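A.B. asks: Numbering-wise, our numbering comes out as the position in the first sequence, counting from 1, plus 2.
The beta carbon of each residue, even a glycine, is placed where N, CA and C say it ideally should be.
For clarity, every value in this text was computed on a predicted model and none was experimentally measured.
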Amino acid sequence: MTTAHRSELNKEQIEAVETIEGPLLIIAGAGSGKTRVITYRIACMLSSGIPQKAILALTFTNKAAREMQERVRELTGKKLAGLSISTFHAFGVRVLRSHIHRLGYRENFSIYDVADQHDLLKETAREIAFSLESVDTTKLLALFSRVKTRMMPMAELAIAYQELYREYQSHMKLYNAVDFDDLIALPIKLLESFPDVLVEYRNQFRYVLVDEFQDTSRQQYRFMKLLGHSSGNVCVVGDDDQSIYSWRGADFGNILEFEKDFPGCREIKLERNYRSTDTILAAANGVISHNKNRKGKNLWTGTKGGKPIELYYPEDDRQEGLFIAEKIKTLAMREGLKYHDVGVLVRTNSLFRSLEEAFLAENIPYRTTGGQSFFQRKEIKDIIAYLRLMANPDDDISLLRVLNTPRRGIGKRTLEQITELAVSRGASLHTGIQAALHAADSPLPPKAQGDLHAFLDLIEEYRPRFLAKKKLGDTLKAFVEDIDYWAHLVAENQKSDKAAKWKYRNIEIFIGIVRDYERDPDNQNSGVFDFLNRISLNSRDEPDPKDSSGKINLMTIHAAKGLEHEVVFLAGVEEHLIPHARAIEENPDNIEEERRLFYVAITRARQKLFITACRKRRVMREIVESLPSPFLEEIPESLMQLMEMDEPVETDEAVDYFARIKAQFASGG
DNA sequence: TAGGCCAAGATTTTC
DNA sequence: TCTTGGCCTA
Numbered sequence: 003m004t005t006a007h008r009s010e011l012n013k014e015q016i017e018a019v020e021t022i023e024g025p026l027l028i029i030a031g032a033g034s035g036k037t038r039v040i041t042y043r044i045a046c047m048l049s050s051g052i053p054q055k056a057i058l059a060l061t062f063t064n065k066a067a068r069e070m071q072e073r074v075r076e077l078t079g080k081k082l083a084g085l086s087i088s089t090f091h092a093f094g095v096r097v098l099r100s101h102i103h104r105l106g107y108r109e110n111f112s113i114y115d116v117a118d119q120h121d122l123l124k125e126t127a128r129e130i131a132f133s134l135e136s137v138d139t140t141k142l143l144a145l146f147s148r149v150k151t152r153m154m155p156m157a158e159l160a161i162a163y164q165e166l167y168r169e170y171q172s173h174m175k176l177y178n179a180v181d182f183d184d185l186i187a188l189p190i191k192l193l194e195s196f197p198d199v200l201v202e203y204r205n206q207f208r209y210v211l212v213d214e215f216q217d218t219s220r221q222q223y224r225f226m227k228l229l230g231h232s233s234g235n236v237c238v239v240g241d242d243d244q245s246i247y248s249w250r251g252a253d254f255g256n257i258l259e260f261e262k263d264f265p266g267c268r269e270i271k272l273e274r275n276y277r278s279t280d281t282i283l284a285a286a287n288g289v290i291s292h293n294k295n296r297k298g299k300n301l302w303t304g305t306k307g308g309k310p311i312e313l314y315y316p317e318d319d320r321q322e323g324l325f326i327a328e329k330i331k332t333l334a335m336r337e338g339l340k341y342h343d344v345g346v347l348v349r350t351n352s353l354f355r356s357l358e359e360a361f362l363a364e365n366i367p368y369r370t371t372g373g374q375s376f377f378q379r380k381e382i383k384d385i386i387a388y389l390r391l392m393a394n395p396d397d398d399i400s401l402l403r404v405l406n407t408p409r410r411g412i413g414k415r416t417l418e419q420i421t422e423l424a425v426s427r428g429a430s431l432h433t434g435i436q437a438a439l440h441a442a443d444s445p446l447p448p449k450a451q452g453d454l455h456a457f458l459d460l461i462e463e464y465r466p467r468f469l470a471k472k473k474l475g476d477t478l479k480a481f482v483e484d485i486d487y488w489a490h491l492v493a494e495n496q497k498s499d500k501a502a503k504w505k506y507r508n509i510e511i512f513i514g515i516v517r518d519y520e521r522d523p524d525n526q527n528s529g530v531f532d533f534l535n536r537i538s539l540n541s542r543d544e545p546d547p548k549d550s551s552g553k554i555n556l557m558t559i560h561a562a563k564g565l566e567h568e569v570v571f572l573a574g575v576e577e578h579l580i581p582h583a584r585a586i587e588e589n590p591d592n593i594e595e596e597r598r599l600f601y602v603a604i605t606r607a608r609q610k611l612f613i614t615a616c617r618k619r620r621v622m623r624e625i626v627e628s629l630p631s632p633f634l635e636e637i638p639e640s641l642m643q644l645m646e647m648d649e650p651v652e653t654d655e656a657v658d659y660f661a662r663i664k665a666q667f668a669s670g671g
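Encoded structure:
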């Protein structure tokens, strides 16, 4: 490492950067310069002669992966074609793309998201005449996921569900489809069952780095261990206080496990915070200290003071939105605050709406991360389903989605008949349809045969064009016009042609994304499979992540992890929202994770933190009374200022602010 | 048998 | 508010 680089780091950071060989555990508190340490460390490895190809850095989100890649590139000024920086899931796809045939799948596999899983579950249940009535399919899929990720033995699954699970799994295989759990589970299976594959990866990746280690699942840990255990050159970076993904299997017990599995591991704690003011940090420490289940550390900062945290109680969510919008405008005008330095954080996606309405009304440009993804929109999913079907004709879920979209006169009865045929042959629907059309004794009436024929012809006509590794965008455009998706949208949205236009516009944007993808020199010759994989793994990303400047950032707290903003607004800091009622209902112990979430939210702020809690809120159709979040009581009072919606209240007057506010709520405001 | 129309239900967080 | 599912009609 050069002296210039060294001078930018503190003692612990330097140690973390320069410890290249052997297992290393870095506990990096919020704002402690973690990203800097990771990027410098990679740069240091490269400059010491370790080839790019030998390094594997695993992150949790695509955004983190991109950022890391970007920062290392800036730092080294090198092209990084050989460096592997990706999410666990993306890396899993990469492994599967090379080796999945050994597990009996084909390389053109589809990746199913939750919506697809639901569809598949229903389809499977229908076929084996299993009634899903009065079954919460979301919960059932969660159970399936636990079985698949070995968090729960199959035997613990209710007998009644075991067959359904097996059928569900065999359907996935029949459709040549995998789900997100498979993206980790199948690579593990590959590495465990085929020593030559294991050796291949171990020989290549002699240095493994895992970011956001507290959010790795048991499976991901297992995967990581398989890859890194022989070299022992594994560096994990995490912060148990920021573990907020346990609902997805994250287990920060992996930190303890790591110390056991990698004996002699070095541990470095980064506790100096370079991000936030003393006030914000003290608030965060005050909150997180209420958690019992933590490793324990104390963040400190060299800078003293900082502006107080301002607390507001708007009447309702509408007023909350307008207040935040106004406040941002005022700060922009009076203090020169830049919009892109503002983060507006919420616990749930459902809070986006009223905030977005306010920003629109006040002409404040914003961008959102999280929330309903562009790729989840119905019209986009339709088009993606066509692409998937082209890539993998056995993908029944996609076939079912588009078979009658736009309407082709293929109805329930026909569908029943072809399903029966497919099931009896143990084949996919696509194969089933072909068989039905070619068999002399086809049970289908002539009209249905004609309709199905037309459908298959359409697929066959376009399939080679989609598989050709060129002009994907043009082909898609021609295809959308050919099926007259526009007419379909008009028919589906008879009440408002605005909606139809908006949806068609989305399709055009999507085609634009395909074109951008093709134009990107990094992706040349990659084709439809790679494109599909990419959008499956990037499902939460907005289509244009580039133009972030000049826009405020509206996001969920989960999406905000790893980010920082000069000014942060925490909206909807209310009981039942944070801690979220559902999380607590599920398991009262979840309170600690909810608290960590609140902690993560607070520590995103550099200079100034605003907190709002509404007295009333629109929830679905009704208006409900709200109370402030109990977590607010865990912030030392001296750090907070209760503000009237218009003017500030003197601090000493506000000593009992919390009690007063509670009383006010109790009396109905 | 297919498609339109109407009513009910749903919202925690993401790869 | 938006989507999904069921029922009824042509």
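V516 and F531 look like a contact to me (Cβ under 8 Å); what is the Cβ gap, rounded to whole Å?
C.D. replies: Actually they are not in contact, since the Cβ atoms of V516 and F531 sit about 13 Å apart, beyond 8 Å.
A.B. asks: Specify, as a first and last residue, the run of the alpha helix (DSSP H) that R390 falls within.
C.D. replies: Segment 380-393, the alpha helix (DSSP H) holding R390.
A.B. asks: From L229 to M70, what distance separates their C-alpha atoms?
C.D. replies: Taking the straight line joining both Cα atoms gives about 21 Å.
A.B. asks: Give me the Cα-Cα distance between I40 and R148, rounded to the nearest whole angstrom.
C.D. replies: In a straight line, the C-alpha of I40 is about 32 Å away from that of R148.
A.B. asks: Could you tell me whether the segment 387-399 touches the segment 165-185, using the rule of 3 or more Cβ pairs below 8 Å?
C.D. replies: Counting Cβ pairs under 8 Å, three or more are found: they touch.
A.B. asks: If you scan the segment 82-117 from start to end, which runs of the beta strand (DSSP E) of 3 or more residues do you find wholly inside it?
C.D. replies: Here the runs fully enclosed are 86-89, 112-114.
A.B. asks: Pick out whichever of Y519, T303, Y506, C267 has its Cα sitting closest to the Cα of G33.
C.D. replies: Measuring from the Cα of G33, the nearest candidate turns out to be T303.
A.B. asks: So which of L469, I130, K618 has the shortest CA-CA distance to A162?
C.D. replies: Of the listed residues, the one whose Cα sits closest to A162 is I130.
A.B. asks: From E322 to Q222, what does the alpha carbon distance come to, in whole angstroms?
C.D. replies: Answer to the nearest angstrom: the Cα atoms are 40 Å apart.
A.B. asks: Can you tell me where the alpha helix (DSSP H) with G574 in it begins and where it stops?
C.D. replies: Premise fails: G574 is in no alpha helix (DSSP H) and is neither H nor E.
A.B. asks: Less than 7 Å between the C-beta atoms of T371 and A561, yes or no?
C.D. replies: Yes.
A.B. asks: With a cut-off of 8 Å, do at least 3 Cβ pairs link the segment 63-82 to the segment 261-272?
C.D. replies: Because the criterion of three Cβ pairs below 8 Å is not met, the segment 63-82 and the segment 261-272 do not touch.
A.B. asks: Label S50 either buried or exposed according to how many other C-beta atoms from any shown protein chain fall within 10 Å of its C-beta, with 16 as the threshold for buried.
C.D. replies: Exposed, by the Cβ-count rule.
A.B. asks: Could you check what DSSP says for R620 in three-state terms: helix, strand or coil?
C.D. replies: In this structure, R620 counts as strand in the three-state DSSP scheme.
A.B. asks: Once the 5 residues before and after E273 are set aside, which same chain residues still bring their CB inside 7 Å of it?
C.D. replies: Once the five neighbours on either side are set aside, the close Cβ partners of E273 are G31, S34, K299, N300, L301, W302.
A.B. asks: Can you tell me whether R43 is buried or exposed, with buried defined as 16 or more other CB within 10 angstroms of its CB?
C.D. replies: Looking at its Cβ environment, which holds 16 or more other Cβ atoms inside 10 Å, R43 is buried.
A.B. asks: I'd like the span of the beta strand (DSSP E) that includes T558, first residue to last.
C.D. replies: It spans 554-558 - the beta strand (DSSP E) in which T558 sits, taken as one unbroken run.
A.B. asks: Our contact map puts P367 next to G94 with C-beta atoms below 8 Å; I'd like the distance itself, whole angstroms only.
C.D. replies: With a Cβ gap of about 36 Å, P367 and G94 do not count as contacting.
A.B. asks: Looking at C-alpha atoms only, which residue of E576, V575, N555 is the closest neighbour of E566?
C.D. replies: Ranking the options by Cα distance to E566, first place goes to N555.
A.B. asks: Work out the CA separation of N525 and S86 for me, nearest whole Å.
C.D. replies: Distance between the alpha carbons of S86 and N525 is about 16 Å.
A.B. asks: Would you list the one or two residues that DSSP bridges to Y1?
C.D. replies: Because the chain in this structure spans residues 3 to 671, residue 1 falls outside the shown range and cannot be described.
A.B. asks: Helix or strand or just coil, what does DSSP make of C267?
C.D. replies: Residue state, collapsed to three classes: coil.
A.B. asks: Please tell me whether F254 and D243 are closer than 7 Å, where the distance is taken between their beta carbons.
C.D. replies: Against a cut-off of 7 Å, the Cβ pair of D243 and F254 comes out as no contact.
A.B. asks: Cα-Cα, which of A573, H91, S498, G307 is closest to S113?
C.D. replies: Just to set this straight, residue 113 is Ile in the shown sequence, not Ser. Nearest C-alpha to I113: H91.
A.B. asks: The alpha helix (DSSP H) that contains M642, what's its start and end?
C.D. replies: Taken as a continuous stretch (DSSP letters only), M642 belongs to no alpha helix (DSSP H), being part of the beta strand (DSSP E) at 642-645.
A.B. asks: When the Cα of E691 is compared with those of S538, A157, T218, which residue comes out closest?
C.D. replies: Because residue 691 is not part of the residues shown, which for the chain are 3 to 671, the question remains open.
A.B. asks: Could you tell me which whole alpha helix (DSSP H) segments of length 4 or greater appear in the segment 9-48?
C.D. replies: Here the runs fully enclosed are 13-20.
A.B. asks: Could you name each continuous alpha helix (DSSP H) segment of 4 residues or more that falls completely within the segment 468-510, going from the start of the chain to the end?
C.D. replies: Taking only runs of at least 4 residues, the alpha helix (DSSP H) segments lying wholly in the segment 468-510 are 474-484, 487-494.
A.B. asks: List in chain order: all unbroken alpha helix (DSSP H) runs of 4+ residues lying wholly within the segment 300-338.
C.D. replies: For the segment 300-338, whole alpha helix (DSSP H) runs of length 4 or above, ordered along the chain, are 319-337.
A.B. asks: Taking the straight line between their C-alpha atoms, what separation do you get for K297 and S232?
C.D. replies: Using only the alpha carbons, I get a separation of about 28 Å.
A.B. asks: From the DSSP output, which residues share a beta bridge with R369?
C.D. replies: Per DSSP, N555.
A.B. asks: In the DSSP output, which residue or residues are listed as bridge partners for R274?
C.D. replies: W302, per the DSSP bridge assignment.
A.B. asks: Ignore the nearest five residues each way along the sequence and tell me which others in I290's own chain have a CB closer than 6 Å to its CB.
C.D. replies: Answer for I290: D243, Y601, listed in chain order.
A.B. asks: Excluding the 5 residues preceding and the 5 following R7 in the sequence, name in chain order all residues of the same chain whose CB lies nearer than 7 Å to its CB.
C.D. replies: Correcting the residue type first, residue 7 is His in the shown sequence and not Arg. Excluding residues within five positions, the ones whose Cβ falls inside 7 Å are Y42.
A.B. asks: Identify the continuous alpha helix (DSSP H) that holds V425 and give its terminal residues.
C.D. replies: Residues 414-427.
A.B. asks: Relative to the C-alpha of H432, which candidate in T37, P445, D459 has its C-alpha closest?
C.D. replies: Closest by alpha carbon: D459.
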